[in-house]
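One structure is given here, and the rest of the page talks about it.
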Amino acid sequence: MNQKILTSAKQIHPNTIRQIFFLAILVALGYVIIGELYFMIGAFLGAITLYVILMDPMKYLVHNRKWKPWIACLILMFLSLVIMVIPLIWMTATAVDRIMPLVQDPTIINDIFTKLHDYFVVNYGIDLLKAENVEKISSQVIPFAQKTLGGTFSALGNVFLMYLILYFLLVQAKEVEKWLRTSIPLKTANVKKLISEIRNLVYSNAIGIPIVAIIQGITGLIGYWIFGVEEFVLMGIITAIASVVPIVGTLVVYLPLAIYQFAIVSPWQGIGVALWGFIVIGSIDNIARFMVQKKMADVHPLITLLGVIIGINLLGFLGVIFGPLMLSVFIVLVRIYIDEYGKSELIVQETEIE
């Protein structure tokens, strides 16, 4: 009798075996599906972001104005295309059109560094850029630019898929919300908290970051135009993109540009660009971020920086927006997991000790 009890205790319960087998199938199928649809990750994230932004206007038009869902959806999609997506495509196309020759022909960048080096050596006796340093910069910057631009082309090609997904999300918004509330394996309070925090993060990253970037880009563009920068539109766009990274983002644009203007064009123009960058762009950055963060979720600068690095590696140019969002959502999920499972176990342990 005791032998039978010991034998049965060592055996795995059939339900456990079935559960493990079922989970293994789910993981395997999920891995295959994600691997085959990985190219759509930009479209999917874009659709989710626009869904969160357009959800309230959609409810207003359908419930208050009594519009048909498909009509309201198409109008909101068109407005989002005109207001958000087309300007983003134009900025991207302009930047790619001007930067691609530099990426395809690295000798152009090397020539610029050589001119800067010769100027400072001849006029000031400063060995600002040694040949080996120029090679290191080129070997690191150019592959990064190629990866960013390559991901950008892929992301732009997913615009149609993004709006296709968005259409079904908006038209079936009620079903989507019901599915989320019933399918997420968390307490009701944590489900509401998760949805609320993700919504705030989407607004902060998808609206707050672009607003700050546009303000920074326009401010930089005006200064570059005043001080005679030849490609002032391109440099304004790059300043807008760089402003996503807090504190030092725009500095990596206007400081090298000021050095270039000082050495190659005119010392006074270089000084003007530097002063404009440090005084005007720097001040605008602090004011704009303060005003935006008062209205939206305050994302830590380190999360933004790490998120940009992750996002660019995954998605190219669009990773500038979606990278910080993904990292912020991950941190929210970790906090909710601890609240859902970690605290209860800690309380049990403390009770047993007492």
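Mind the numbering: the sequence shown is residues 734 to 1087 in the numbering used here, read in order.
A virtual CB, placed ideally from N, CA and C, is assigned to each residue, including glycine.
Here the structure is a predicted model, which means the values were calculated and not measured.
Exercise. Quick one: does the C-beta of Leu902 sit closer than 6 Å to a heavy atom of the ligand GTP?
Worked result: In the structure on display, the ligand GTP does not appear, and there are no ligands present to speak of.
For this session: Can you give me the start and stop residues for the alpha helix (DSSP H) that Glu908 sits inside?
Result: For this step, residue 908 is matched to residue 175 along the sequence shown. From DSSP, the alpha helix (DSSP H) with Glu908 extends over Ala906 to Ser916.
Exercise. Which one of Ile997, Leu1008 and Leu821 has the shortest CA to CA distance from Val855?
Worked result: Sequence index remark: in the sequence shown, residue 855 carries index 122 (1-based). Taking only the C-alpha atoms, the option nearest Val855 is Ile997.
Exercise. First and last residue of the alpha helix (DSSP H) that includes Val935?
Worked result: Stepping through the sequence shown from its first residue, residue 935 is reached at position 202. Here the alpha helix (DSSP H) through Val935 covers Thr921 to Tyr936.
Exercise. By DSSP, does Ile745 sit in helix, in strand, or in coil?
Worked result: As a working note, residue 745 is residue 12 in the sequence shown. It is coil, neither helix nor strand.
Problem set entry | C-alpha gap between Ile745 and Leu759, whole angstroms | Counting from 1 along the sequence shown, the entry for residue 745 is found at position 12. Counting from 1 along the sequence shown, the entry for residue 759 is found at position 26. Their Cα atoms are separated by approximately 21 Å.
Exercise. Do you know how far the Cα of Val1041 is from the Cα of Val985?
Worked result: The residue given as residue 985 occupies position 252 in the sequence shown. The residue given as residue 1041 occupies position 308 in the sequence shown. Here the alpha carbon of Val985 sits roughly 15 Å from the alpha carbon of Val1041.
For this session: Compare the beta carbon distance of Val1053 and Ile931 with 7 Å and say whether it is the shorter of the two.
Result: In the sequence shown, residue 1053 corresponds to position 320, counting from 1. In the sequence shown, residue 931 corresponds to position 198, counting from 1. No, they are not a contact pair.
Problem set entry | Inter-residue spacing [alpha-carbon to alpha-carbon] between Ile992 and Gly1003 | By 1-based counting over the sequence shown, the position of residue 992 is 259. By 1-based counting over the sequence shown, the position of residue 1003 is 270. Taking C-alpha positions only, Ile992 is separated from Gly1003 by approximately 6 Å.
Exercise. DSSP three-state call for Glu964: helix, strand or coil?
Worked result: Residue numbering aside, residue 964 sits at position 231 when the sequence shown is read from its first letter. Coil.
Exercise. Sorted by chain position, which residues of the same chain lie with C-beta nearer than 6 Å to Ile1069's C-beta, five sequence neighbours on each side aside?
Worked result: Stepping through the sequence shown from its first residue, residue 1069 is reached at position 336. Counting only Cβ-Cβ distances below 6 Å, and skipping sequence neighbours, we find Asn923 and Leu927.
Exercise. Thinking C-alpha only, which one of Leu988, Leu967 and Val909 is nearest Ala826?
Worked result: Taking the first residue of the sequence shown as position 1, residue 826 is located at position 93. Residue Leu967 is the option with its Cα nearest to Ala826.
Problem set entry | Run of the alpha helix (DSSP H) containing Ser1061, from where it starts to where it stops | Numbered from 1 along the sequence shown, position 328 holds the residue referred to as residue 1061. That run of the alpha helix (DSSP H) goes Gly1052 to Tyr1070.
For this session: Throw me the rounded Cβ distance for the Met824 and Leu809 pair, which I believe falls under 8 Å.
Result: Within the sequence shown, residue 824 is the residue found at index 91, counting from 1. Within the sequence shown, residue 809 is the residue found at index 76, counting from 1. The pair is not a contact, with the Cβ atoms about 22 Å apart (cut-off 8 Å).
For this session: Look at the alpha carbon of Gln994 and the alpha carbon of Leu1058, and state the distance between them as a whole number of angstroms.
Result: Taking the sequence shown and counting its residues from 1, the one referred to as residue 994 is at position 261. Taking the sequence shown and counting its residues from 1, the one referred to as residue 1058 is at position 325. The straight-line gap from Cα to Cα measures roughly 36 Å.
Exercise. Quick one: what does DSSP say Ile753 is sitting in, helix, strand or coil?
Worked result: On the sequence shown, residue 753 is found 20 positions in, with the first residue counted as 1. DSSP places Ile753 in helix when its eight states are reduced to three.
Problem set entry | Rounded separation between Thr1084 and Val1065 - CA only | Locating residue 1084 in the sequence shown gives position 351, where the first residue counts as 1. Locating residue 1065 in the sequence shown gives position 332, where the first residue counts as 1. Confidence at Thr1084 is low in this model, with a pLDDT of 47, below 50, so its placement is unreliable and the value that follows should be read with caution. Taking the Cα positions, Thr1084 is about 28 Å away from Val1065.
Exercise. Do three or more CB pairs link the stretch 1007–1023 to the stretch 949–960 at distances below 8 Å?
Worked result: Result yes; three or more Cβ-Cβ pairs closer than 8 Å.
Problem set entry | Exposed unless 16 or more other CB atoms sit within 10 angstroms - verdict on Leu794 | Locating residue 794 in the sequence shown gives position 61, where the first residue counts as 1. Burial call: buried.
Problem set entry | Cβ shell of Ile971 (< 8 Å), same chain only, five flanking positions each side left out | Position 238 of the sequence shown holds residue 971. Excluding positions up to five away in sequence, the list reads Ala828 and Val986.
For this session: Could you tell me which of Ile1014, Phe1055 and Val1067 sits nearest to Leu778, measuring between CA atoms?
Result: Mapped onto the sequence shown, residue 778 falls at position 45. For Leu778, the closest alpha carbon among the candidates Ile1014, Phe1055 and Val1067 is that of Phe1055.
For this session: Kindly indicate which residue of Pro943, Ser1016, Ile944 and Val978 has the alpha-carbon position closest to the one of Leu1038.
Result: Translated into the one-based positions of the sequence shown, residue 1038 becomes position 305. For Leu1038, the closest of Pro943, Ser1016, Ile944 and Val978 by C-alpha to C-alpha distance is Val978.
Exercise. Any idea what DSSP makes of Asn1046, helix, strand or coil?
Worked result: In the sequence shown, counting from the first residue as 1, residue 1046 sits at position 313. Looking at Asn1046 - three-state DSSP - the assignment turns out to be helix.
Problem set entry | Residue interval of the alpha helix (DSSP H) (run including Gln1090) | The question about residue 1090 has no answer, for the chain in this structure spans 734 to 1087.
Exercise. Which residues mark the beginning and the end of the alpha helix (DSSP H) in which Trp1009 is found?
Worked result: Numbered from 1 along the sequence shown, position 276 holds the residue referred to as residue 1009. Judged by DSSP secondary structure, Trp1009 falls outside any alpha helix (DSSP H); it is assigned neither H nor E.
For this session: Reducing DSSP to helix, strand and coil, say where Val855 ends up.
Result: Within the sequence shown, numbered from 1, the residue matching residue 855 stands at position 122. Looking at Val855 - three-state DSSP - the assignment turns out to be helix.
For this session: Within 10 angstroms of the Cβ of Asn891, are there 16 or more other Cβ atoms? Answer buried if so, exposed if not.
Result: Taking the first residue of the sequence shown as 1, we reach residue 891 at position 158. Under this definition Asn891 is a buried residue.
For this session: Would you kindly work out how many angstroms separate the C-alpha atoms of Ala946 and Thr983, rounded to a whole number?
Result: Indexing the sequence shown from 1 puts residue 946 at position 213. Indexing the sequence shown from 1 puts residue 983 at position 250. Going from the Cα of Ala946 to the Cα of Thr983 covers about 10 Å.
For this session: Compute the beta-carbon to beta-carbon distance between Leu894 and Met773, rounded to the nearest angstrom, for a pair I have assumed lies under 8 Å.
Result: The residue you call residue 894 lines up with position 161 of the sequence shown. The residue you call residue 773 lines up with position 40 of the sequence shown. The pair is a contact, with the Cβ atoms about 6 Å apart (cut-off 8 Å).
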